[in-house]
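Structure first, commentary second.
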Amino acid sequence: MNILVLHGPNLNLLGRREPDHYGSLTLDGINGLLQDAAQNEQVQISFYQSNAEGELVDAVHKAIDVFDGIIINPGAYTHTSIALRDALLAAGIPVVEVHLSNIYCREDFRQHSYISGVALGVISGFREQSYLLGLQALIAHAKQTSG
Ligand code: DQA
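Residue 144 is where the sequence shown starts when you use my numbering, and the numbers rise one by one after that.
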């Protein structure tokens with residue numbers, strides 16, 4: 144199994160960015176945890192972060208026929224990007240949407256996601272654990288659908 148982790152805008156600033164919402168781990172720290180967890184599960188994992196919507200769309204296109212699952216934290220594009228939603232839908236790769244903070248406890252504008260409707264599910268509010276739970280969810284989904 145080959146999984147792609149996509150991180151959206153401003154997530155490169157994790158560690159210094161609003162730690163009350165996002166915790167104090169850096170993006171490299173989160174990727175390291177995911178790498179270890181994937182290795183334990185004998186799963187291949189790759190990481191990509193961009194602050195640009197089009198680059199994230201391109202990354203989804205390039206994932207076609209390469210990756211079996213996508214974990215995405217779309218950052219603020221969660222709440223704005225029909226283009227990213229359309230790309231994920233077109234790619235047809237199982238997606239789990241993750242958020243460090245619980246977007247449903249925050250400002251009204253964060254409480255709608257354009258991505259959720261094309262995802263298998265959403266994990267929101269568990270800081271870096273959201274990503275690790277997302278990985279478990281994708282692996283469980285792959286086992287269910289292959290057997
Ligand atoms: C976020 C939540 C978004 O509303 C915000 O714009 C982010 C991070 C999260 O992980 O909690 O950049 O996706």
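Where a beta carbon is used, it is the ideal one built from N, C-alpha and C, also for glycine.
- DSSP places residue 157 in the coil class of the three-state scheme, outside both helix and strand.
- Judged by beta-carbon spacing, residue 150 lies within the 8 Å limit of residue 192, meaning their Cβ atoms are closer than that value.
- Distances from the alpha-carbon of residue 237 to those of 199, 187, 206, 157 put 206 closest.
- If you check the C-beta of residue 284 against the ligand DQA, you find no heavy atom less than 7 Å away.
- For residue 170, the enclosing alpha helix (DSSP H) starts and ends at 170-183.
- At a cut-off of 7 Å, the beta-carbon of residue 216 counts as near the ligand DQA: some heavy atom of the ligand is closer than that.
- Checking the 7 Å criterion, the Cβ of residue 150 is out of range of every heavy atom belonging to the ligand DQA.
- For residue 190, the three-state secondary structure derived from DSSP is strand.
- Put simply, the segment 227-241 touches the segment 201-218. At least three CB pairs are less than 8 Å apart.
- For residue 147, there is no enclosing alpha helix (DSSP H); the residue is found in the beta strand (DSSP E) stretching over 145-150.
- Its Cα nearest to that of residue 216, the residue 157 stands out among 251, 187, 283, 157.
- Remark: the shortest separation between the CB of residue 221 and any heavy atom of the ligand DQA falls under 7 Å.
- Taking residue 152 as the centre and dropping the five residues before and after it, the same chain places the C-beta of 194, 218, 219, 220 closer than 7 Å to its C-beta, in chain order.
- Residue 277 is positioned such that its CB atom lies no closer than 8 Å to that of residue 244.
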